[in-house]
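This report concerns only the one structure given below.
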Amino acid sequence: MRQIALLQAQESEGRPKLIRGDVHVQTRGEAWSAPWNETGKIGTILGRRIDARTANRSASRNRRPLASKRTVSVRSGDDVEILLSTYNGAAYLPAFLESLEAQDCDAWRLTARDDGSRDATLSILKSWCNRFPDRARVLDGERAPNLGLIRSFSRLIEESSASYVMFADQDDIWLPSKVRITLEKMRAKQDELGKQSPILLHTDLKLVDKDLQIINSSLWKSQGVRPSAPSFPKILVENVAWGCTTMINRQLVSLVGSIPKEAVYHDWWVTLTAAAFGHVVAISAPTILYRRHGLNESAISNLASVFKAALRDPIAARQRLTEVLAGSRPRVVAFLHRHRTRLTPSQIAAADAFLSLGDANFVSRRVHIARHGLLFSSSLRNIGLFVLL
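Using this note's numbering, you'd call the opening residue of the sequence shown number 753 and step up by one each time.
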């Protein structure tokens, strides 16, 4: 079997250093192994090497309990449910699952749903869940229909029951402190704001390529995102919370409800709900390796491409920005339809102003943007917004 390269990323004065070999990732004192995947190969986070043919057999072996190395204290009621929707993710899923095993907090369980994969994803997922029947389950099983990402996550949300919910992508790697850092922050914010307050927490990410080569140690910085305390009007324009970094409390889960297809992105709908009725709280520490490849394009990467293209072709960039904003209209219409009676007059006015941008003239568009705070989180993007739109 060919050797699988592993990756070492060490933070040195905030800058990542890449080294090939049988090494570990060191992040703020936390050491763990990271995989590097090739076609037909799967590397594991715990340092083992397996190929795709033996992935299921390896997943079924008995290993030490997940809780054997946990030292983090857990409050009563601090149960965290991780929601995972998979689809044709056999190449990356084993690495993600083992990053869950590496968590230094034991207060979590996994609820997963496969959305009709045609590869070995479901088999890998079920084998892993069978090893931990008390903390992992698969919804729907072999006959699960292909619902699409939004409806699949919506079903997972509806089936969740824990005090706190986290969302996961099959192709990312969770750093060992992810659950603990987010849970501790959630505890503190609920103590500050009250347990009845709907709260969404989200963190920064390390951007990596499909082989886990670090591209940027802060996705926020690379995208020019400033996520501190985003307002409802700003979330109408731009979602600053990647779903795979978020934790939401039960109060917010109850408000999110069933996510309509018009939401386009499930995490944007969740963040919009939090901004409207609760609190969106940012944690600056990166907690995942966010793997970028051709199959997981996000709304934020689409938006970034608009402004990168502005200097080369401002006319095309203006057209693309108009299309991106227009793509959010169905989500805002659906949100107003469901929540208009709960929203404040200023929130309704901001949503209506956003929906009118496409029909407004040059001056009116800018008046709407300025009056209602329909702005991006980045000053440079806001300059581009006023220039291009």
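Ideal placement from N, C-alpha and C gives every residue a C-beta, glycine not left out.
Buried or exposed: which applies to Lys-958, given that a residue is buried once 16 or more other Cβ atoms fall within 10 Å of its Cβ?
In the sequence shown, counting from the first residue as 1, residue 958 sits at position 206. Per the 10 Å Cβ criterion, buried.
Taking one C-beta from the region 936–952 and one from the region 992–1008 each time, how about it: are there three or more such pairs within less than 8 Å?
yes
Closer than 8 Å is the cut-off here; do at least three beta carbon pairs connect the region 1016–1026 with the region 993–1000?
yes
Is Val-890 closer than 9 Å to Ala-864 when the C-beta atoms are compared?
Counted from its first residue, the sequence shown places residue 864 at position 112. Counted from its first residue, the sequence shown places residue 890 at position 138. For Ala-864 and Val-890, yes; Cβs fall inside 9 Å.
Alpha-carbon spacing of Ser-912 relative to Ser-1116, whole angstroms:
Within the sequence shown, residue 912 is the residue found at index 160, counting from 1. Within the sequence shown, residue 1116 is the residue found at index 364, counting from 1. Going by the C-alpha atoms only, they are around 44 Å apart.
Neighbourhood of Glu-782 by C-beta, 8 Å cutoff - its chain only, sequence neighbours within 5 removed
Taking the sequence shown and counting its residues from 1, the one referred to as residue 782 is at position 30. Per-residue confidence for Glu-782 stands at a pLDDT of 39, beneath the threshold of 50, marking its modelled position as unreliable; the derived number appears in the next sentence. Around Glu-782: Asp-856, Leu-927, Pro-928 and Ser-929.
Could you work out which residue in Ser-1080, Arg-1083, Gly-1125 and Asp-886 is closest to Gln-1099 when comparing CA atoms only?
On the sequence shown, position 347 is the one that residue 1099 refers to. Of Ser-1080, Arg-1083, Gly-1125 and Asp-886, the residue nearest in Cα terms is Gly-1125.
By how many angstroms is the C-alpha of Phe-848 removed from the C-alpha of Gly-841?
As a first step, residue 841 is located in the sequence shown; it is residue number 89 there, counting from the start. As a first step, residue 848 is located in the sequence shown; it is residue number 96 there, counting from the start. Between Gly-841 and Phe-848, the C-alpha separation is close to 10 Å.
Cβ neighbour criterion (16 or more within 10 Å) applied to Leu-975
Counting from one through the sequence shown, the residue named residue 975 turns up at place 223. Here residue 975 is Gln; the residue named in the question, Leu, does not match the sequence. So Gln-975 counts as buried.
Could you check the C-alpha separation between Ile-834 and Arg-870 for me, to the nearest Å?
Here residue 834 refers to the residue found at position 82 of the sequence shown. Here residue 870 refers to the residue found at position 118 of the sequence shown. Distance between the alpha carbons of Ile-834 and Arg-870 is about 23 Å.
To the nearest whole angstrom, what separates the beta carbons of Ala-1034 and Pro-979, a pair I think is in contact under 8 Å?
Counting from one through the sequence shown, the residue named residue 1034 turns up at place 282. Counting from one through the sequence shown, the residue named residue 979 turns up at place 227. So it is a contact: roughly 4 Å between Cβ atoms.
Indicate whether Leu-845 and Asp-923 have their beta-carbon atoms separated by less than 9 Å.
On the sequence shown, residue 845 is found 93 positions in, with the first residue counted as 1. On the sequence shown, residue 923 is found 171 positions in, with the first residue counted as 1. Cβ atoms of Leu-845 and Asp-923: closer than 9 Å.
What are the start and end residues of the alpha helix (DSSP H) that includes Ile-909?
As a first step, residue 909 is located in the sequence shown; it is residue number 157 there, counting from the start. That run of the alpha helix (DSSP H) goes 901–911.
Other residues of its chain near Thr-873: CB distance less than 8 Å, five sequence neighbours each side excluded:
As a first step, residue 873 must be located in the sequence shown, where it is residue number 121. These residues qualify, in order along the chain: Thr-838, Tyr-839, Asn-840, Gly-841, Ala-842, Leu-845, Asp-866 and Gln-922.
Between Ala-1101, Leu-862 and Ile-987, which lies nearest to Pro-885 when the distance is taken from Cα to Cα?
Residue 885 sits at position 133 when you count from the first residue of the sequence shown. Ranking Ala-1101, Leu-862 and Ile-987 by Cα distance to Pro-885 puts Leu-862 first.
Report the rounded CA-to-CA distance for Leu-1107 versus Pro-1012, giving the unit in angstroms.
Mapped onto the sequence shown, residue 1107 falls at position 355. Mapped onto the sequence shown, residue 1012 falls at position 260. Cα to Cα, Leu-1107 sits roughly 18 Å from Pro-1012.
Out of curiosity, what's the CA-to-CA distance linking Phe-905 and Val-1008?
Stepping through the sequence shown from its first residue, residue 905 is reached at position 153. Stepping through the sequence shown from its first residue, residue 1008 is reached at position 256. The straight-line gap from Cα to Cα measures roughly 12 Å.
Cα-Cα separation, Phe-740 to Ser-1080:
Because the chain in this structure spans residues 753 to 1141, residue 740 falls outside the shown range and cannot be described.
Does the beta-carbon distance from Leu-1142 to Val-1076 come in below 9 Å?
With the chain covering only 753 through 1141, there is no way to say anything about residue 1142.
So what's Ala-859 in DSSP terms, helix, strand or just coil?
In the sequence shown, residue 859 corresponds to position 107, counting from 1. Ala-859: coil per DSSP, three-state reduction.
If we ignore side chains and look at the alpha-carbon of each, how far apart do Leu-1109 and Ile-876 end up?
Mapped onto the sequence shown, residue 1109 falls at position 357. Mapped onto the sequence shown, residue 876 falls at position 124. Rounded to the nearest angstrom, the two C-alpha atoms are 47 Å apart.
Please work out which residues of its chain come closer than 6 Å, Cβ to Cβ, to Ala-888, disregarding the five sequence neighbours upstream and downstream, and give them in chain order.
Locating residue 888 in the sequence shown gives position 136, counting from the first residue. Around Ala-888: Leu-862 and Cys-881.
Let me confirm a value: Val-931 is counted as buried when at least 16 other C-beta atoms fall within 10 Å, else exposed. Which label applies?
The count along the sequence shown starts at 1 and reaches residue 931 at position 179. With 16 or more other Cβ atoms within 10 Å, it is buried.
Complete alpha helix (DSSP H) runs within the region 994–1019 (minimum length 4 residues, chain order):
1002–1008
Taking Asp-961 and Ser-970 to be in contact with their CB atoms under 8 Å, please state how far apart those CB atoms are, rounded to whole angstroms.
Residue mapping note: residue 961 aligns to position 209 of the sequence shown, counting from 1. Residue mapping note: residue 970 aligns to position 218 of the sequence shown, counting from 1. Not a contact, Cβ separation roughly 16 Å.
What residues in its chain sit with their C-beta under 7 Å from that of Lys-878, if we drop five residues either side in the sequence?
Looking up residue 878 in the sequence shown gives position 126. Within the same chain, Lys-878 has close Cβ partners Val-890.
Taking all protein chains shown into account, decide if Gly-1136 is buried (16 or more other Cβ within 10 angstroms of its Cβ) or exposed.
Numbered from 1 along the sequence shown, position 384 holds the residue referred to as residue 1136. Buried is the call here.
Distance, Cα to Cα, Ala-1051 vs Arg-883?
Stepping through the sequence shown from its first residue, residue 1051 is reached at position 299. Stepping through the sequence shown from its first residue, residue 883 is reached at position 131. At Ala-1051 the pLDDT is 47, less than 50, meaning the model places this residue with poor confidence; the figure from the coordinates comes in the next sentence. Their Cα atoms are separated by approximately 36 Å.
Taking only the alpha-carbon atoms, compute the straight-line gap between Ile-933 and Gly-900 and give it to the nearest angstrom.
Along the sequence shown, read from residue 1 onward, the residue named residue 933 stands at position 181. Along the sequence shown, read from residue 1 onward, the residue named residue 900 stands at position 148. About 31 Å.
Can you tell which of Arg-939, Leu-1141 and Phe-1087 has the C-alpha that lies nearest to the C-alpha of Tyr-1026?
Mapped onto the sequence shown, residue 1026 falls at position 274. Inspection of the sequence shows that residue 1026 is occupied by Ala rather than by Tyr. Ranking the options by Cα distance to Ala-1026, first place goes to Phe-1087.
Would you tell me roughly how many angstroms separate the C-alpha atoms of Phe-1128 and Arg-907, rounded to the nearest one?
For this step, residue 1128 is matched to residue 376 along the sequence shown. For this step, residue 907 is matched to residue 155 along the sequence shown. C-alpha separation (whole angstroms): 31 Å.
Gln-1067, buried or exposed, once every other Cβ within 10 Å from all chains shown has been counted against 16
Position 315 of the sequence shown, counted from the first residue, corresponds to residue 1067. Residue 1067 is actually Ile in this sequence, not Gln. Exposed, because fewer than 16 other Cβ atoms sit within 10 Å of the Cβ of Ile-1067.
Determine whether the beta carbon atoms of His-1120 and Ala-1105 lie at a separation below 9 Å.
In the sequence shown, counting from the first residue as 1, residue 1120 sits at position 368. In the sequence shown, counting from the first residue as 1, residue 1105 sits at position 353. In contact: His-1120 and Ala-1105 (Cβ atoms closer than 9 Å).
Where does Phe-1128 fall in DSSP's three states?
To locate residue 1128, count along the sequence shown from 1; it is residue 376. Three-state DSSP puts Phe-1128 in coil, outside helix and strand.
Can you name, in chain order, every residue of its own chain whose Cβ lies under 6 Å from the Cβ of Pro-1038, other than the five neighbours on each side?
Locating residue 1038 in the sequence shown gives position 286, counting from the first residue. Same-chain partners within the cutoff: Asp-956, Leu-957 and Lys-958.
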